[in-house]
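Down below is the structure, laid out as structure tokens.
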Amino acid sequence: MTQHVRVASHDEVPILDLSPLRTDGQIDPLAAELDRACRETGFFYIANHGVSETALNAVFGATRRYFAMPEEIRRGHAMHPFYRRGFMAQGVTRQPGYAADLKESYEVGVDLPADDPAVLSGLPLHAPNQWPAEMPWLREAAETYFEQVKSLGLDLLRLIARALGLPDGFFIQYTRKPMLQMRLFHYPPQTPDTSLNAHGAAPHTDFGMITILAQDPIGGLELRKRDGEWIAAPYIDGTFVVNIGDLFQRWTNDVYVSNFHRVTNRTGRERYSIPMFFNLDYDAPVVCLPTCCSAESPPKHEPIKFGDYIVSRFKAVQKFDPNSRVA
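Counting from 1, position 137 in the sequence shown corresponds to residue 137 in full-length UniProt numbering; the numbering is continuous, with no gaps.
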């Protein structure tokens with residue numbers, strides 16, 4: 001069944017031009033635009049982001065090539081949920097009240113050596129990546145893109161700190177060993193008569209700090225406004241979509257908004273997207289930001305470690321132990 005969803009206006013999901021970050025231009029007007037978007041919908045596009053078209057095309061090409069492989073080969077790279085590295089089959093992710101998501105994924109993170117202290121201690125979400133030996137092209141494309149988006153994410157953290165009236169390096173201090181999660185998503189084709197209860201990704205919010213999303217031209221991303229209306233945030237050439245996560249909303253004392261969103265793909269065509277979930281160090285202390293609370297607006301949430309919160313959210317939706325696999 002089809003359901004009409006209008007395209008978001010520029011006021012609802014603005015396009016922020018990051019050129020001032022590359023040219024030593026005026027940062028404060030850009031920070032003010034970002035601040036407004038984060039308070040109103042928690043979503044915005046970014047243009048002139050600094051990620052090369054070559055790297056973007058290569059990682060999408062590698063993603064298509066990987067998911068064209070027979071499923072039995074991909075299942076050989078099954079993801080460890082405790083460490084979040086590898087292949088996740090369709091049907092694993094399910095939001096309450098909805099059918100299982102119609103998507104599959106391959107996940108990578110910061111590629112830590114096996115003798116890294118965090119790996120040796122069994123810290124959740126810290127591990128070497130799973131790189132299929134027979135697919136060197138996947139590793140090459142993913143690592144190149146990962147590093148460029150990591151650099152972009154650090155730029156955004158500085159800009160967000162400026163928007164919140166904090167020192168530019170406030171969030172950067174918690175990126176010594178950040179819990180970055182990049183997922184290569186494949187959404188198999190669905191037809192227009194697919195049930196409205198079936199989604200590529202059912203309505204949800206993201207857990208962490210910020211998400212930097214690359215979409216393909218198929219689009220399909222939709223977000224929910226405060227009045228309950230769903231609006232589309234389609235593919236726009238040369239841009240990424242950025243959104244705020246739940247833990248960042250908590251950190252800002254609910255000043256910034258982590259908004260519900262979903263993916264609908266009833267085009268009859270395959271869809272691919274690549275989000276980078278840009279999270280900070282496991283031990284980063286999430287205490288109400290000083291510019292987001294006051295005597296009139298006291299902290300609403302108890303302090304928590306960044307990693308403890310993320311792990312608690314994963315435990316709520318998936319099996320989460322060091323010995324399990326999900327493909």
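Glycine included, every Cβ here is placed at the ideal spot set by N, Cα and C.
Per-residue DSSP class, three states only, for residue i
i      : result
Ile310 : helix
Leu16  : strand
Val326 : Unreliable placement is indicated for Val326, whose pLDDT of 49 sits below 50; no coordinate value is reported for it.
Arg224 : strand
Met1   : With a pLDDT of 47 at Met1, under the threshold of 50, the predicted position of this residue should be treated as unreliable, though the coordinate-derived value follows. Correct three-state label for Met1: coil.
Phe87  : strand
Ala201 : strand
Val51  : coil
Tyr187 : strand
Val263 : strand
Ala295 : coil
Glu270 : coil
Val257 : coil
Residues that DSSP places opposite residue i in a beta bridge
i      : result
Pro243 : The sequence shown places Asn at residue 243, rather than the Pro named in the question. The partner list for Asn243 (beta bridge, DSSP) reads Phe43, Thr211.
Gln181 : Gly109, Phe277
Pro285 : Lys305
Val119 : Val119 is not bridged to any residue.
Glu231 : Reading the sequence as shown, one finds Ile at residue 231 and not Glu. According to DSSP, Ile231 bridges with Leu223.
Ala78  : Phe87
Glu104 : His186
Ala127 : Asp111
Cβ neighbour criterion (16 or more within 10 Å) applied to residue i
i      : result
Pro178 : buried
Asp308 : exposed
Glu134 : exposed
Gly245 : buried
Ala316 : exposed
Gly61  : exposed
Ser151 : exposed
His77  : buried
Same chain, Cβ closer than 7 Å to residue i, five either side skipped, listed in chain order
i      : result
Ala118 : Leu112, His126, Lys177
Arg139 : Trp131
His10  : none
Met69  : none
Spatial neighbours of residue i in its chain, beta-carbon cut-off 6 Å, leaving aside the 5 residues before and after
i           : result
Leu21       : Asp155
residue 330 : Residue 330 lies beyond the residue range present for the chain, which begins at 1 and ends at 327; the question has no answer from this structure.
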